[in-house]
Amino acid sequence: MSSYGNGKHCQQKQELTLSLSTQGLSGPSTTATATFTSPKCQGQHVSWQLGSPFATYPFIFHDADSRFSPGYDLLSLEGTSSVLQIRANGCMGTTSNRSMACDACQKAVRLVETVEDRARRPPANLGRMQLSFRQLAEELEGVEHQLQSETLKHLNTSRALERLRHHETTWDSTLHLLGTEDIPGMHRIFSNAKRFNWSAEILLDMSRRALDGTYHPRNYSNLEIAVDIHDTRRSSHLPSVLDQRALSPPVAGHSPPYVEQTNLPPRLLQPDLSNLPHTLSTPPPFASGIDLQYTYLPQPNYGSFNSSTFF
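Structure below.
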């Protein structure tokens with residue numbers, strides 16, 4: 395049991411004095427006096443329903459500067475059993491029954507219930523000057539959680555902005571490279587970027603490699619192969635006996651018959667002109683003319699990339 399205070403009102407002792415006088419016939423008279431004292435009011439014991447009152451009771455209400463007056467004084471607390479000992483502001487200090495509190499203290503139980511209802515409210519609905527220790531701890535935990543959430547949002551926003559700035563710089567470099575340099579096979583590079591889901595950084599790196607000759611995009615279409623064969627044959631001075639349909643320029647969406655018949659792999663081909671006299675004496679399988687022999691370009695160096703991934 396811990397004592398909180400003795401209250402504002404002092405206890406008053408009421409005494410009742412009775413005097414009895416006797417007077418004898420042959421002697422002096424005698425007087426007997428009896429004094430009766432009223433029992434003091436010890437206050438009212440009230441059960442606190444919110445747990446330990448040391449953590450859940452709003453002691454600020456008993457402060458002199460508090461705007462809310464509970465209407466009673468807090469005499470003592472019992473933490474283990476959660477019992478309050480109170481005395482009403484209107485208590486006169488005495489009672490007619492030693493085992494009971496006075497009427498004013500008994501009626502003060504309703505005042506404790508009012509304070510208990512206020513202590514049950516969420517901390518957000520009360521001023522911070524009206525909170526118990528537990529409510530203050532919950533309020534502080536909520537503020538810390540909100541602060542942590544805002545900090546994480548700010549950190550994520552900062553990281554996102556940094557990524558956007560880096561992404562913007564990469565695309566600016568890519569556009570500058572495409573606008574100032576003639577990169578061979580650029581459309582095939584974009585095709586590979588779409589196919590293999592390249593990032594902007596990889597696209598810029600592969601464009602630079604294609605420019606300096608360390609990367610050769612070889613995902614050629616049938617139309618590109620046909621154009622290459624057509625241009626090669628036109629530049630090889632074919633005899634007039636060659637079928638003129640084989641010399642006609644290819645059209646997009648239509649593969650010439652010599653592309654399908656020769657079953658050429660989708661790689662860059664170039665004619666071996668050193669063996670041209672021998673090839674001129676060999677008739678082609680699809681028309682009266684010559685059949686060119688082709689050799690593959692050297693395998694390029696792709697650095698850290700696996701060449702089988704792109705072709």
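Take 395 as the starting number for the sequence shown in our numbering and just add one per residue.
Ideal placement from N, C-alpha and C gives every residue a C-beta, glycine not left out.
Residue i in three-state terms, based on DSSP
i	result
Asp-467	strand
Gln-438	strand
Ile-577	coil
Ala-495	coil
Gln-529	helix
Leu-478	strand
Thr-608	coil
Thr-488	strand
Ser-642	For Ser-642, the predicted model reports a pLDDT of 46, less than 50, meaning its position is unreliable; a value from the coordinates is still stated below. Three-state result, Ser-642: coil.
Residue i versus the options, residue with shortest Cα-Cα distance
i	options	result
Asp-606	Gly-579, Val-621, Glu-595	Gly-579
Ser-476	Glu-510, Glu-533, Ser-552	Glu-510
Ser-615	Ile-623, Tyr-609, Thr-608	Ile-623
Glu-595	Val-621, Glu-562, Leu-617, Ala-620	Glu-562
Gly-437	Arg-559, His-560, Leu-469, Thr-551	Leu-469
Ala-613	Ser-567, Arg-557, Ser-585, His-570	Here residue 613 turns out to be Asn, not Ala, going by the sequence shown. Ranking Ser-567, Arg-557, Ser-585, His-570 by Cα distance to Asn-613 puts Ser-585 first.
Tyr-466	Asn-483, Leu-478, Pro-452, Phe-455	Asn-483
His-610	Ala-498, Ile-583, Leu-525	Ile-583
Gly-573	Ser-601, Thr-551, Leu-549, Phe-455	Ser-601
Leu-571	Arg-603, Glu-538, Pro-447	Arg-603
Thr-608	Ala-587, Val-621, Ile-577, Glu-538	Ile-577
Arg-569	Phe-527, Asn-519, Asp-457, Leu-597	According to the sequence provided, residue 569 is Leu. The question's Arg does not apply to it. Here the closest residue by C-alpha is Leu-597.
Phe-517	Leu-549, Leu-530, Asp-599	Just to set this straight, residue 517 is Pro in the shown sequence, not Phe. Nearest option by C-alpha distance: Leu-530.
Asp-497	Trp-592, Lys-434, Val-537, Leu-617	Lys-434
Supposed close pair residue i, residue j - CB separation, criterion 8 Å
i	j	result
Ser-535	Arg-522	Correcting the residue type first, residue 535 is Glu in the shown sequence and not Ser. Not confirmed; about 14 Å, so no contact.
Thr-450	Ala-513	6 Å
Ile-335	Gln-524	Past the boundaries of the shown model lies residue 335; the chain is included only from 395 to 705, so the question cannot be answered.
Start-to-end residues for the alpha helix (DSSP H) that takes in residue i
i	result
Leu-505	503-514
Ala-449	447-450
Residue i beta carbon near the ligand SAH (any heavy atom closer than 7 Å)
i	result
His-548	This structure lacks the ligand SAH, and indeed carries no ligand of any kind.
Taking one C-beta from the region 499-508 and one from the region 535-546 each time, how about it: are there three or more such pairs within less than 8 Å? They do not touch, by the three-pair rule.
Please determine if the region 486-501 and the region 450-462 are in contact, where contact requires at least 3 C-beta pairs separated by less than 8 Å. No contact exists between the region 486-501 and the region 450-462.
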